[in-house]
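**Q**
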Amino acid sequence: MNEDSAQDLHARGNALQDQIDSMLDTLDRQARDLSGARAQIAQLRLRGESVDRLVRVETDSTGSVLSVDISPDAFRRSTPDSLALSVADAARDAAASAQREMMRLMGSVVAAGHEVPDLPDLVPGAPSLRDLLPRLGTEDSPGDPAADLQDDADDYYRGGSILEDPRR
Numbered sequence: 078m079n080e081d082s083a084q085d086l087h088a089r090g091n092a093l094q095d096q097i098d099s100m101l102d103t104l105d106r107q108a109r110d111l112s113g114a115r116a117q118i119a120q121l122r123l124r125g126e127s128v129d130r131l132v133r134v135e136t137d138s139t140g141s142v143l144s145v146d147i148s149p150d151a152f153r154r155s156t157p158d159s160l161a162l163s164v165a166d167a168a169r170d171a172a173a174s175a176q177r178e179m180m181r182l183m184g185s186v187v188a189a190g191h192e193v194p195d196l197p198d199l200v201p202g203a204p205s206l207r208d209l210l211p212r213l214g215t216e217d218s219p220g221d222p223a224a225d226l227q228d229d230a231d232d233y234y235r236g237g238s239i240l241e242d243p244r245r
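For reference, each letter of the sequence shown is one residue, going 78 to 245 in this note's numbering.
1. For SER99, which of helix, strand or coil comes out of DSSP?
2. Please name the residue in ASP146, GLY140, ASP150 and ASP195 whose C-alpha comes closest to that of ASP170.
3. Quick check on ARG89: buried or exposed, where buried means 16 or more other Cβ atoms within 10 Å of its Cβ?
4. Do ILE118 and LEU70 have their beta-carbon atoms positioned less than 7 Å apart in this structure?
5. Output yes or no for whether 7 Å exceeds the beta carbon distance between LEU123 and SER205.
6. Which of the three DSSP states, helix, strand or coil, is assigned to LEU143?
7. Tell me the rounded alpha-carbon separation between GLN120 and GLN84.
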C-alpha cells in the first residue's frame with residue numbers, strides 16, 4: 078500500500094469516526110431531551126371549552142378525559158342534543174390542546190433526530206430509516222364543531238316546542 082492510499086484511508090476513517098461521534102452526541106442530547114419531555118408530558122393537564130361556554134373538559138396528555146364540568150344553567154340554555162355536542166366540542170378542544178402541547182414538548186427531540194445522518198448517508202444504497210418512523214403532527218386535525226353546534230341550536234329554535242321529539 079502506498080503512502081497516498083494509506084493517508085486517504087486514514088482520512089476516510091477519521092471522517093467516519095467524526096460522523097459516529099456526532100451521532101452519539103446527538104443521541105445523548107436526544108435521550109436527555111426525551112427524558113425531560115416525558116416527565117413534563119406525564120404531568121400535563123389540558124382544558125377545553127365548548128363554543129357556547131357551557132362545558133369545560135380536562136384531559137391528560139393523550140387526550141383522555143379526566144373531568145367534565147357542566148355549567149349550572151346548561152339545562153336551561155340548551156337541549157340534551159346540543160349539550161351532547163357541547164361536551165364533544167369541549168373534549169375535542171382539550172384533545173387538540175393536548176396534541177399541540179405534545180408537539181411543542183417533543184419538538185426538540187424530533188428536531189434532533191433530523192440532525193443524525195440517515196443510513197444511506199453512511200452506507201450508500203441502504204434504505205432510509207427515517208421512512209420507517211411515523212411523523213408527528215401528520216394526523217388530520219378534528220374539524221370545527223362550532224358549525225354543528227350552531228346548526229343544532231338553529232334547528233332547535235326554529236322547531237318551536239321543546240316537547241316535540243325531533244326524531245319523529
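Glycine included, each C-beta is placed from N, C-alpha and C at the ideal position. Fair warning: this is a prediction, and the values are worked out from it, not measured in the lab.
**A** On the basis of the data shown:
1. The residue given as residue 99 occupies position 22 in the sequence shown. Helix, per DSSP.
2. Counted from its first residue, the sequence shown places residue 170 at position 93. When only C-alpha atoms are compared, the closest one is GLY140.
3. What you label residue 89 is simply residue 12 of the sequence shown in a count that begins at 1. Taking a 10 Å sphere around the C-beta of ARG89, we find fewer than 16 other C-beta atoms and assign the residue as exposed.
4. Not covered by the structure: residue 70. The range shown for the chain is 78 to 245.
5. Numbered from 1 along the sequence shown, position 46 holds the residue referred to as residue 123. Numbered from 1 along the sequence shown, position 128 holds the residue referred to as residue 205. Cβ atoms of LEU123 and SER205: not closer than 7 Å.
6. Along the sequence shown, read from residue 1 onward, the residue named residue 143 stands at position 66. Strand, per DSSP.
7. By one-based count along the sequence shown, residue 120 stands at place 43. By one-based count along the sequence shown, residue 84 stands at place 7. Going from the Cα of GLN120 to the Cα of GLN84 covers about 54 Å.
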